[in-house]
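Only one structure is covered here, and it is reproduced in the block below.
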Amino acid sequence: MRALIVDDDVHAAETVRRTLATDGWNVVVCHTGVDGLWQATEVGCDVIVLDIMMPGLNGFQFLSRLRAAEVWTPVLMLTAKDGEWDQAEALDTGADDYLTKPFSVVVLKARIRALLRRSTAARPAVLDVAGLTLDPAAHLVARDDTSIALTPREYAVLEHLMRNAGTVVSKSDILRSVWDENYEGDENIVEVYIGYLRKRIDVPFGKHTIETVRGAGYRIAVPT
Numbered sequence: 011m012r013a014l015i016v017d018d019d020v021h022a023a024e025t026v027r028r029t030l031a032t033d034g035w036n037v038v039v040c041h042t043g044v045d046g047l048w049q050a051t052e053v054g055c056d057v058i059v060l061d062i063m064m065p066g067l068n069g070f071q072f073l074s075r076l077r078a079a080e081v082w083t084p085v086l087m088l089t090a091k092d093g094e095w096d097q098a099e100a101l102d103t104g105a106d107d108y109l110t111k112p113f114s115v116v117v118l119k120a121r122i123r124a125l126l127r128r129s130t131a132a133r134p135a136v137l138d139v140a141g142l143t144l145d146p147a148a149h150l151v152a153r154d155d156t157s158i159a160l161t162p163r164e165y166a167v168l169e170h171l172m173r174n175a176g177t178v179v180s181k182s183d184i185l186r187s188v189w190d191e192n193y194e195g196d197e198n199i200v201e202v203y204i205g206y207l208r209k210r211i212d213v214p215f216g217k218h219t220i221e222t223v224r225g226a227g228y229r230i231a232v233p234t
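Here the sequence shown is numbered in the working numbering, starting from 11 and rising by one per residue.
The structure is reproduced here in structure tokens:
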């Protein structure tokens, strides 16, 4: 799942980024409305967390242009402006929910989950590869109807592989998509998490879903 945060408050944006990343989200942060709008319309995402007061292109203008472009990604307005007229304008312009700063991270995550449940147009399809299913909106993984518990990072790695099922995905690509574009640690951490996943989704079921392609990366095998 990919989240876009658009907020010129660096501290607030980083707080939201860490909050969502711990739940396995792939998070992109933009500090201007212009950059955020490009990400939302040209790259795409599953949810947007948007501030109002930004230089250049404010949150209301962002929303207006986003909806005019017929992009219906759920938008949670997260702002220090708590007046009823600001909330009304945000909702009328195209926001799906409104939360004021300072905020509870527990409530923030719950609001985002609710947005995904309500938004049928934006709700991602359940991924299914040979009986292994991953529901991005419900955040559930199962093998032949048996639920599988994963950590947020394990879940994020599996989701990235399943979205690219049948395609070889490199370690560096997994790191950029799941960890962070600026991750500078040991890329062998990917091997560690692939091992964790195999113990959870394959070994108990006698399966071999994740293939290692020597010198290239990993691939979710798609039955022919």
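Idealized CB from N, CA, C, for every residue including glycine.
A quick note: this is a predicted structure, and the numbers were derived from the prediction, not measured.
Contact between the segment 195 to 203 and the segment 162 to 182 (3+ Cβ pairs under 8 Å): yes
Exercise for review: Decide if residue 131 is buried, meaning its Cβ has at least 16 other Cβ atoms within 10 Å, or exposed.
Suggested key: Within the sequence shown, numbered from 1, the residue matching residue 131 stands at position 121. Because the pLDDT of residue 131 is 49, which lies under 50, any placement of that residue in the model is unreliable, and the question is left without a value.
- Query: Where does residue 42 fall in DSSP's three states?
  - Reply: On the sequence shown, residue 42 is found 32 positions in, with the first residue counted as 1. Correct three-state label for residue 42: coil.
Distance between residue 107 and residue 121 (C-alpha atoms, nearest Å) | As a first step, residue 121 is located in the sequence shown; it is residue number 111 there, counting from the start. As a first step, residue 107 is located in the sequence shown; it is residue number 97 there, counting from the start. Straight-line Cα distance between these residues: approximately 8 Å.
Query raised in the report: Which stretch, first to last residue, makes up the alpha helix (DSSP H) that contains residue 3?
Result: As shown, the chain starts at 11 and ends at 234. That puts residue 3 outside it, with no answer to give.
Return helix, strand or coil for residue 133, following the three-state DSSP convention. The residue you call residue 133 lines up with position 123 of the sequence shown. Below a pLDDT of 50, predicted positions are generally treated as unreliable, and residue 133, at 47, falls in that range; the measurement from the model is reported next regardless. Residue 133 falls in the coil class under three-state DSSP.
message: Considering only the alpha carbon of each residue, which of 65, 17, 197, 158 lies closest to residue 208?
response: Within the sequence shown, residue 208 is the residue found at index 198, counting from 1. Out of 65, 17, 197, 158, 158 has the C-alpha closest to the C-alpha of residue 208.
**Rounded separation between residue 143 and residue 172 - CA only** = Translated into the one-based positions of the sequence shown, residue 143 becomes position 133. Translated into the one-based positions of the sequence shown, residue 172 becomes position 162. Using only the alpha carbons, I get a separation of about 9 Å.
Next on the checklist: Comparing C-alpha positions only, which one of 170, 174, 175, 177 sits nearest to residue 185?
Outcome noted: Within the sequence shown, residue 185 is the residue found at index 175, counting from 1. Nearest C-alpha to residue 185: 170.
Quick one: Cα of residue 133 to Cα of residue 66, how far?
Reading the sequence shown from its first residue, position 123 is the one you call residue 133. Reading the sequence shown from its first residue, position 56 is the one you call residue 66. The pLDDT assigned to residue 133 is 47, lower than 50, so where the model puts this residue is not dependable; a value taken from the coordinates is nonetheless given after this. When rounded, the distance between both Cα atoms is 31 Å.
Sufficient close CB pairs (3 or more, under 8 Å) joining the segment 36 to 51 to the segment 89 to 96: no
Supposed close pair residue 56, residue 28 - CB separation, criterion 8 Å: Residue numbering aside, residue 56 sits at position 46 when the sequence shown is read from its first letter. Residue numbering aside, residue 28 sits at position 18 when the sequence shown is read from its first letter. Not really, about 18 Å apart at Cβ, beyond 8 Å.
Residue 69 to residue 97 span [Cα, whole Å]: As a working note, residue 69 is residue 59 in the sequence shown. As a working note, residue 97 is residue 87 in the sequence shown. Distance between the alpha carbons of residue 69 and residue 97: 12 Å.
Close-in-space but distant-in-sequence residues of the same chain around residue 111 (CB under 7 Å, 5 per side omitted) = Translated into the one-based positions of the sequence shown, residue 111 becomes position 101. Closer than 7 Å at Cβ, skipping near neighbours: 22, 88, 89, 90.
Pop quiz: residue 60 and residue 72 are said to be a contact at Cβ under 8 Å. What is the actual Cβ separation, rounded to whole angstroms? Residue numbering aside, residue 60 sits at position 50 when the sequence shown is read from its first letter. Residue numbering aside, residue 72 sits at position 62 when the sequence shown is read from its first letter. Between residue 72 and residue 60 the Cβ distance is about 6 Å, and since that is below 8 Å, they are a contact.
Q: Rank 20, 227, 94 by C-alpha distance to the C-alpha of residue 199 and give the top, closest one.
A: What you label residue 199 is simply residue 189 of the sequence shown in a count that begins at 1. Nearest C-alpha to residue 199: 227.
Using beta-carbon positions only, say whether residue 217 and residue 128 come within less than 9 Å of one another.
-> Mapped onto the sequence shown, residue 217 falls at position 207. Mapped onto the sequence shown, residue 128 falls at position 118. No; because the gap between Cβ atoms is not below 9 Å, this pair is not in contact.
Spatial neighbours of residue 77 within its chain, please: C-beta separation below 6 Å, excluding the five flanking residues on both sides.
For the purposes of this step, residue 77 is taken as residue 67 along the sequence shown, with counting starting at 1. Excluding positions up to five away in sequence, the list reads 104.
Query raised in the report: Beta carbon of residue 223, beta carbon of residue 178: below 9 Å?
Result: As a first step, residue 223 must be located in the sequence shown, where it is residue number 213. As a first step, residue 178 must be located in the sequence shown, where it is residue number 168. Cβ distance < 9 Å, so residue 223 and residue 178 count as in contact.
Discussion item. Taking the straight line between their C-alpha atoms, what separation do you get for residue 118 and residue 138?
Written reply: Stepping through the sequence shown from its first residue, residue 118 is reached at position 108. Stepping through the sequence shown from its first residue, residue 138 is reached at position 128. The alpha-carbon atoms of residue 118 and residue 138 are separated by roughly 29 Å.
query = How many Å lie between residue 38 and residue 213 at the Cα?
reply = In the sequence shown, the residue the question calls residue 38 occupies position 28. In the sequence shown, the residue the question calls residue 213 occupies position 203. If you take the alpha carbons of residue 38 and residue 213, they lie about 34 Å apart.
Residue 103, enclosing alpha helix (DSSP H) - first and last residue: For the purposes of this step, residue 103 is taken as residue 93 along the sequence shown, with counting starting at 1. Looking at the DSSP string, the run of the alpha helix (DSSP H) that includes residue 103 is 94 to 103.
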